[in-house]
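Notes follow once the structure below has been shown.
In my numbering, the protein residues as written are 5 to 517.
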């Protein structure tokens, strides 16, 4: 028997678009993926084709519906989640002037550093909750103004990838509070565009979409989009929130004592707070979700991407006859598990792609410390996994310093597929880790906004009851004690090396082919 109502969540991520169909009990009926061709890389640039993102969204919805076996006219609502910190410049006709500049784009490092050296950085952080860092669209706009003046002059509007998709689906430009907060331009207090940020960017407020609550609903899809998605045209389209906020919703971590620990390509450690929480040292960010909830936490650049680097390095050493069947991601984790906890005294600072929280230095660089003749590939692999986990310990400590005491950690992202990796992070944090039974938590959170925006769920706190219980991973006492001993040395190593980051980054740029 088919359910009466079903809800659709679309998660427009950096690597792909995913869609999920759920019923009123949050049971997953169907899931689909739409792939992109990847980012166009140029030096530190990371851009995507906006039209490909729209097509990927359509494909993911069609794939999810094909697996769900539901009736098109029974869709009670859909909502869209999107990755934070993207930027797309549009002309007066709504045509793209740039690609979608993603969060991983590093071109605006100098613009952010220039602001960081001024008192303006402190004032902006106090108003927006965003440290001075090149991932924020504020600094990408400054970069366009300084380096692409012809595009800057033509730009009628600046939007995120999600805003562009929402406009293609509905014909209307609007942005949810959380996506707007992730631009570095929204006041987390007034919930409107921050004048100091607009002045720094050199733009007007009317060049940005109106920031509105995530429960805001638009009635109806573009007829052609509805036909391609095979969904009724008059479906309520709920604006929804960011993938970061949605991940917390999808894991059920909606209380201020619950944190989500997400590790995929990158990583994040986040808490939903009933009030804005700022750090006097600007080590954390604070993004408003709605009028009663703020997302507080930090993010790291180096999650699975660091393990992918090690895998590729190990595979390059294989003879040609073995290269076709080289080591997989899982093989590297299996290799790491062969080393004892502490990796034989080998410590890794996994800053291969620079650093976001807590020190916000795009010029930070990685290091292995303590290597001797007794260390091998297994020790390198384990030290890297442990180094990533220590990054989350740093974030957890900072949140505690600003008054957020986490009692429960909920895991999400690709690392939950590895019992070994999950256990290492659990032991380093020395807290029990809960793992939801379904891993696509940002996608599920997007579907929850469809329920909230159509009145089928009361509030964020009520969503916790919809999340199914999962697996519990307790810390191991002996391993936790080992990591507790190593962590102060890890911190000291970071402090001792950090004074050399700018110089080594400059040297690498000068010696680059």
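We put the beta carbon where it would ideally sit given N, CA and C, even for glycine. Quantities reported herein were computed from a predicted structural model and do not represent experimental measurements.
- A residue is called buried when at least 16 other Cβ atoms come within 10 angstroms of its Cβ; residue 305 meets this threshold and is buried.
- Ranked by Cα distance from residue 130, the first of 163, 201, 158, 97 is 201.
- Counting only unbroken stretches of 4 or more residues, the alpha helix (DSSP H) elements lying wholly within the segment 263–324 are 308–320, in sequence order.
- In this structure, the straight-line span from the alpha carbon of residue 463 to that of residue 342 is close to 46 Å.
- Per DSSP, reduced to three states, the secondary structure at residue 140 is coil, with no helix or strand assignment.
- Residue 38 counts as buried, since no fewer than 16 other beta carbons sit within 10 angstroms of its beta carbon.
- Going by DSSP, residue 134 is part of no alpha helix (DSSP H) at all; its letter is neither H nor E.
- Contact check for residue 410 and residue 398: beta-carbon distance about 14 Å, past the 8 Å limit, so the pair fails to qualify.
- Along the segment 379–434, the alpha helix (DSSP H) occurs as fully enclosed runs of 4 or more residues at 381–405, 423–433, listed in sequence order.
- The three-state secondary structure of residue 51, taken from DSSP, is strand.
- The beta carbon of residue 277 lies closer than 6 Å to those of 260, 298, 300 in the same chain, with the five residues before and after it left out.
- As summarised for the segment 74–136, the continuous alpha helix (DSSP H) elements at least 4 residues long and confined to that stretch are 113–120, 123–132, given in chain order.
- Counting the other Cβ atoms within 10 Å of the Cβ of residue 120 gives 16 or more, which makes it buried.
- The beta carbon of residue 33 is closer than 7 Å to those of 10, 25, 26, 27, 72, 74 in its chain, skipping five residues each way along the sequence.
- In this structure the segment 218–234 does not lie against the segment 367–375, because fewer than three pairs of beta carbons, one per stretch, are closer than 8 Å.
- Contact annotation, residue 82 with residue 239: C-beta distance approximately 6 Å; criterion of less than 8 Å satisfied.
- Exclusion of the five residues before and after residue 465 leaves 258 as the residues of its chain whose Cβ lies within less than 7 Å of its Cβ.
- In the DSSP assignment, residue 438 falls outside any alpha helix (DSSP H) and within the unbroken beta strand (DSSP E) covering 437–439.
- 7 Å or more divides the Cβ of residue 48 from the Cβ of residue 96.
- Residue environment for residue 481: exposed (fewer than 16 other C-beta atoms within 10 angstroms of its C-beta).
- The continuous stretches of beta strand (DSSP E) do not include residue 499, which lies in the alpha helix (DSSP H) extending over residues 481–502.
- Around the CB of residue 446, 16 or more other CB atoms lie within 10 Å, so the residue is classed as buried.
- DSSP places residue 10 in the uninterrupted beta strand (DSSP E) bounded by 10–16.
- In the assembly as shown, residue 151 is an exposed residue. Its beta-carbon has fewer than 16 other beta-carbons within 10 Å.
- DSSP places residue 463 outside both helix and strand once states are collapsed to three, so it counts as coil.
- Beta-bridge partners assigned by DSSP to residue 333: none are found.
- Annotation for residue 348: no alpha helix (DSSP H) segment contains it, and DSSP assigns it neither H nor E.
- With fewer than 16 other CB atoms across the displayed protein chains lying within 10 angstroms of its CB, residue 488 is exposed.
- Annotation: residue 203 to residue 123 spans about 15 Å, alpha carbon to alpha carbon.
- Contact between residue 264 and residue 226 fails: their C-beta atoms lie close to 33 Å from each other, not under 8 Å.
- Cβ atoms of residue 211 and residue 160 come within 8 Å of each other, at about 7 Å.
- Taken atom to atom, the span from the alpha-carbon of residue 206 to that of residue 157 is near 11 Å.
- Ranked by Cα distance from residue 184, the options 216, 171, 319, 478 are led by 216.
- Rounded to whole angstroms, the separation of the alpha carbons of residue 188 and residue 360 is 14 Å.
- C-alpha of residue 296 to C-alpha of residue 279: approximately 7 Å in a straight line.
- Within the segment 174–245, the complete alpha helix (DSSP H) segments at least 4 residues long are 181–185, 199–205, 227–233, listed from N- to C-terminus.
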